[in-house]
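Worksheet for the structure shown next.
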DNA sequence: TTGACGTATAACCGCAGGGATATATGTTCG
DNA sequence: CGAACATATATCCCTGCGGTTATACGTCAA
């Protein structure tokens, strides 16, 4: 779900902005997103459902902030893939060593 | 481009399989993918264009293998986002410390 | 050379999803 | 209360893309 959520450039840009600059209102995010406010709200909904952002209501404004913990599965997945690769590389090294003898 | 490439479950499964089990022919990948051979070829094309796989022709077979180096930008991006978060967290800590005095 | 095989490409289809506009919901202020 | 504001939801449109089938291309074997 994380990959799919972060695949869209507009949505990823919103998330990056929240990471870089911290909590932001919908209006602030809309003003620099290049799309309409409803589109931004929709993206925020997707990000929220993926656990990547939190929302905090304050009067008539809604403040969104990034939830970095949600990125852990992404780092885990990447590490896992790299791990498989290294394991196979080690196997290859072993094989070559044995062939060398 | 990486997020978009890895967003599709079928395509990601193909890539994971190449990571876990090393080089595979198109036929081998097709047999366990649940989709048709042309679909697999198309996915492999997308993965190749993203730099995530290499192809090696051997007779009438094509062997594909994962290129883990292409995952580096993904790890960098994740680390960068986490870094922003920590930086802001440090700022918050500093702020709280100052307010505490 | 001819036919079977492995893969890539072509052409087409259906639908998910990102976009816009319009409007509903909720909030502050006069 | 009523109007302006901030955001969310509804509805619709349209493109992109993942899937299929059909077929082309290259390779091996007889």
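Protein chains in written order, with our numbering: chain A, -9 to 91; chain B, -9 to 91.
Backbone N, C-alpha and C define an ideal beta-carbon position, used for all residues, glycine too.
So, with DSSP's three-state summary, where would you put residue i?
i	result
residue 66(B)	helix
Ordered along the chain, which non-local residues of its own chain (more than five positions away) have a Cβ less than 7 Å from that of residue i?
i	result
residue 56(B)	5, 8, 9, 42 and 43
residue 73(B)	none
Apart from the five residues just before and just after residue i, which ones in its own chain have a Cβ nearer than 8 Å to its Cβ?
i	result
residue 16(B)	27, 30, 31, 34, 51, 52 and 54
residue -9(B)	40
residue 3(B)	23
residue 63(A)	-8
residue 14(A)	7, 8, 53, 54 and 55
Suppose the cutoff is 6 Å on Cβ atoms and the five residues either side in sequence are ignored; what does the same chain contact list for residue i look like?
i	result
residue 60(A)	41 and 42
residue 20(A)	27 and 30
residue 48(B)	none
Going by beta-carbon coordinates alone, are residue i and residue j separated by less than 7 Å?
i	j	result
residue 25(A)	residue -5(A)	no
residue 68(B)	residue 71(A)	no
residue 12(B)	residue 46(A)	no
residue -3(B)	residue -3(A)	yes
residue 75(A)	residue 58(B)	yes
Inset, instruction - Mind listing, in chain order, the continuous alpha helix (DSSP H) runs of no fewer than 4 residues lying wholly within the region -3 to 85 of chain B? - result: DSSP runs (the alpha helix (DSSP H)) wholly in the region -3 to 85 of chain B: -1 to 11, 16 to 21 and 27 to 39.
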